[in-house]
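In order, the protein sequences belong to chains A and B.
Position one of the first sequence corresponds to residue 18 (the numbering used here), numbered consecutively onward.
Position one of the second sequence corresponds to residue 18 (the numbering used here), numbered consecutively onward.
Protein chains: 2
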Amino acid sequence: MTEVRAVLFDVFGTVVDWRASLIADLQRFGEGRGIAADWPALVDAWRGAYRPSMDRVRKGEQAWTALDDLHRASLVELVARFGIAGLSEADIDRITDLWHRLRPWPDSVPGLTRLKRRFIVGSLSNGNVALQVDLAKSAGLPWDVIFASDHFRHFKPDAETYLGACALLRLPPARVMLAAAHNDDLRAARSFGLATGFIPRPDEYGPHQRRDTAAEEAWDVVATSIEDLAARLGA
Amino acid sequence: MTEVRAVLFDVFGTVVDWRASLIADLQRFGEGRGIAADWPALVDAWRGAYRPSMDRVRKGEQAWTALDDLHRASLVELVARFGIAGLSEADIDRITDLWHRLRPWPDSVPGLTRLKRRFIVGSLSNGNVALQVDLAKSAGLPWDVIFASDHFRHFKPDAETYLGACALLRLPPARVMLAAAHNDDLRAARSFGLATGFIPRPDEYGPHQRRDTAAEEAWDVVATSIEDLAARLGA
């Protein structure tokens, strides 16, 4: 592990709590506008559409589309399915942009700040650059560098994302660690030669989460938080 | 100007003082190793090779090559031309990497820090990502985002760099300002629709600098420093 020079983070779920943030923001929005809806169910369905929407692009069934636009298209469908009336185009834009202002888990900013003293800390996210820049500013994420799907025009778990980030850093994959709360993401990273760090987020998907509650493989580091990851890496 | 949302900076010369940094570092290196040379002349010749080396790539005479590799190839030629003996391959690497640790002008970090409160602040540099990440860490440049030539596989003044950054920010060019000490860079940016900010660096090329000592056109903002630019933009 002493040879690791850059620690790149998955963002949604690993660094920021998308579910609680979106539910709180939508409940506030609904109350302000007098729109009643099952906002937690909408948020879960919205996230449920995330992987399939990217997979359509990954399989070539749809031309390259930034995550902001995938989020918006999924939202339009779900608003209709949930029977939510009275939303303008500007409302849909505004709700889509809630992904730009998600809140970090409590250990994220202290942990990244500590890691940054010793390592290059960056994102390696399916979010597009504009989303990630806004998110880093609003959440105070002290990235040295942002790696985004629209840099590569590929989504994780495509090789182009993990290896593209290593190439831009001019580092061999073994000197780059992916840190994530998702075993699948780490499996892909390991298959391309990156070091791996697991941080459990057992509440990411709410009170009934069943997947990713623990490390499923012997990842290079299994930490309890980003601060703990920093400590284990000697930062 | 109130519509500008992102201020992107040229880096070499505008934000960091490449010439004084390289001369000081090479003099220290030479003294430590007992190698005498006209280091200021070497640095000036090295920078002199910068534009022609990129132009060979821009014109398609040479395949895409990151700036680090262009810097290294130019250095190898100049070391031979200057008759400097006794440098190993590792020495050449180490000297090339001095570009990763240039020092900022005194107003750069305070000015960027102030701008960052109100705007997205980023780089738009011919430096590659790895160079820029190291430089930002060592000089304390508080970028929200780095835009690098190897993101686009084009060097400025190619359209792909200016417009590529705007596209990744999902902003129309008029909402993005290029800030630079070089009139040519601003002319290109303006031709693609970006807003323009000039910051004079009359000592960039040393005591006998003749070009870029003042604004040559009515740029949207003509400032005296990056701090002054922040003030003029209301940050």
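Virtual Cβ for every residue (Gly too), placed ideally from N, Cα, C.
Alpha carbon to alpha carbon, how far is proline 121 of chain B from proline 127 of chain A?
Going by the C-alpha atoms only, they are around 27 Å apart.
Residue-level contact to chain A via CB, valine 238 of chain B, 8 Å cutoff:
Not one beta carbon of chain A lies nearer than 8 Å to the beta carbon of valine 238 of chain B.
Residues bridged to glycine 139 of chain B (per DSSP)
DSSP output for glycine 139 of chain B lists B:Leu25, B:Val162 as bridge partner(s).
Below 7 Å on C-beta distance, what does alanine 153 of chain B contact in chain A?
Per Cβ cutoff of 7 Å: Asp161.
Between B:Ala80, B:Val150, B:Gly30, which lies nearest to alanine 23 of chain A when the distance is taken from Cα to Cα?
Nearest of B:Ala80, B:Val150, B:Gly30 to alanine 23 of chain A, Cα basis: B:Val150.
Three CB pairs or more closer than 8 Å across the segment 144 to 160 of chain B and the segment 107 to 120 of chain B:
These segments touch.
Unbroken alpha helix (DSSP H) runs of length 4 or more, entirely within the segment 176 to 210 of chain A: which are they?
Entirely contained in the segment 176 to 210 of chain A, the alpha helix (DSSP H) runs reaching 4 residues are, in chain order, 176 to 186, 200 to 208.
Report yes or no: do the segment 122 to 142 of chain A and the segment 54 to 66 of chain A share at least 3 C-beta pairs separated by less than 8 Å?
Contact between the segment 122 to 142 of chain A and the segment 54 to 66 of chain A is absent, with fewer than three C-beta pairs closer than 8 Å.
Smallest Cα separation from isoleucine 52 of chain B: which of B:Ser105, B:Ala232, B:Val28?
Nearest C-alpha to isoleucine 52 of chain B: B:Ser105.
Could you name the residues of chain A that leucine 185 of chain B contacts, counting a contact when the two beta carbons are closer than 8 Å?
Below the 8 Å Cβ cutoff, chain A contributes Asn145, Val146, Ala147, Ala165, Asp167, His168 as neighbours of leucine 185 of chain B, in chain order.
Given leucine 186 of chain B as reference, the closest of A:Leu186, A:Arg192, A:His168 once Cα atoms are compared:
Between leucine 186 of chain B and the set A:Leu186, A:Arg192, A:His168, the nearest pair of CA atoms involves A:His168.
With DSSP run on the structure shown, which of helix, strand or coil describes glycine 103 of chain A?
In this structure, glycine 103 of chain A counts as coil in the three-state DSSP scheme.
What residues match up with threonine 213 of chain A in a beta bridge as DSSP calls it?
The partner list for threonine 213 of chain A (beta bridge, DSSP) reads A:Leu195.
Can you tell me which of the three DSSP states valine 60 of chain A falls into?
DSSP, reduced to helix, strand and coil, places valine 60 of chain A within a helical segment of the structure shown.
Which residues in chain A have a C-beta closer than 7 Å to the C-beta of isoleucine 216 of chain B? List them in chain order.
Neighbours of isoleucine 216 of chain B on chain A: none; closest Cβ ~23 Å, over 7 Å.
With a threshold of 7 Å on Cβ separation, who are the neighbours of glycine 210 of chain B within its own chain once the five nearest residues in sequence on each side are excluded?
Beyond the five residues adjoining it in sequence on each side, glycine 210 of chain B comes within less than 7 Å, by CB distance, of Pro190, Ala191 in the same chain, given in chain order.
With distances taken Cα to Cα, identify the nearest neighbour of alanine 147 of chain A among B:Phe26, B:Phe136, B:Asn143.
Checked all of B:Phe26, B:Phe136, B:Asn143; the closest Cα to alanine 147 of chain A is B:Phe136.
For methionine 71 of chain B and phenylalanine 46 of chain B, I'd like the C-alpha separation in whole angstroms.
Distance between methionine 71 of chain B and phenylalanine 46 of chain B, taken at the CA atoms: about 27 Å.
Under 8 Å, do glycine 30 of chain A and glutamate 221 of chain A count as touching if we go by C-beta distance?
Taking 8 Å as the Cβ cut-off, glycine 30 of chain A and glutamate 221 of chain A qualify as a contacting pair.
Looking at the secondary structure, which residues open and close the alpha helix (DSSP H) in which valine 96 of chain A lies?
Run containing valine 96 of chain A: 84 to 98, per the alpha helix (DSSP H) assignment.
Check proline 127 of chain A in the structure and name its three-state DSSP category.
Three-state DSSP puts proline 127 of chain A in a helix.
Under 8 Å, Cβ to Cβ, is there at least one residue of chain A near valine 150 of chain B?
Judged by the 8 Å Cβ criterion, valine 150 of chain B is in contact with chain A.
Rounded straight-line distance, which links the Cα of isoleucine 101 of chain A to that of tryptophan 160 of chain A:
Near 37 Å, if we compare the C-alpha coordinates of isoleucine 101 of chain A and tryptophan 160 of chain A.
Contact criterion: CB-CB distance below 8 Å. Does isoleucine 112 of chain B meet it with respect to chain A?
Output row for isoleucine 112 of chain B: interface = no.
Take valine 239 of chain A and list the residues in its own chain whose beta-carbon comes closer than 6 Å to its own, dropping the five residues that flank it on each side.
Excluding positions up to five away in sequence, the list reads Phe215, Ala232.
Check the Cβ of isoleucine 52 of chain A against every Cβ in chain B and list those closer than 7 Å, keeping chain order.
By Cβ distance, chain B contributes nothing, its closest Cβ being about 27 Å from isoleucine 52 of chain A, past 7 Å.
What residues of chain A sit near isoleucine 109 of chain B, judged by a beta carbon separation below 7 Å?
Residues of chain A passing the Cβ test: none, with the nearest at roughly 16 Å.
Inter-residue spacing [alpha-carbon to alpha-carbon] between aspartate 4 of chain A and asparagine 143 of chain A
As shown, chain A starts at 18 and ends at 252. That puts residue 4 of chain A outside it, with no answer to give.
Pick helix, strand or coil for valine 238 of chain A, following the three-state DSSP scheme.
In the three-state scheme derived from DSSP, where H, G and I count as helix and E and B as strand, valine 238 of chain A is classed as strand.
Listing by chain order, which chain A residues have their CB less than 9 Å from the CB of isoleucine 243 of chain B?
Contacts between isoleucine 243 of chain B and chain A, judged by CB atoms closer than 9 Å, are missing: the closest CB pair is about 19 Å apart.
For valine 32 of chain B, which of helix, strand or coil comes out of DSSP?
Note: valine 32 of chain B maps to coil in three-state DSSP.
Going by the beta-carbon positions, is the gap between serine 140 of chain A and leucine 25 of chain A smaller than 8 Å?
Taking 8 Å as the cut-off, the beta carbon of serine 140 of chain A is found closer than this to the beta carbon of leucine 25 of chain A.
CA-to-CA distance, alanine 205 of chain A to leucine 39 of chain A, given in whole angstroms
Using only the alpha carbons, I get a separation of about 28 Å.
Quick test of your reading: leucine 92 of chain A and threonine 113 of chain A, contact by CB under 8 Å. State the CB separation rounded to the nearest angstrom.
Separation of the CB atoms of leucine 92 of chain A and threonine 113 of chain A is rounded to 6 Å, and the pair is thereby assigned contact status at 8 Å.
Take the Cβ of serine 208 of chain B as the centre, count every other Cβ of all protein chains shown within 10 Å, and call the residue buried at 16 or more, exposed below.
Residue burial annotation: serine 208 of chain B is exposed, with fewer than 16 other C-beta atoms found within 10 angstroms of its C-beta.
Name the two residues that bound the continuous alpha helix (DSSP H) containing arginine 73 of chain A.
In the DSSP assignment, arginine 73 of chain A falls within the unbroken alpha helix (DSSP H) covering 67 to 75.
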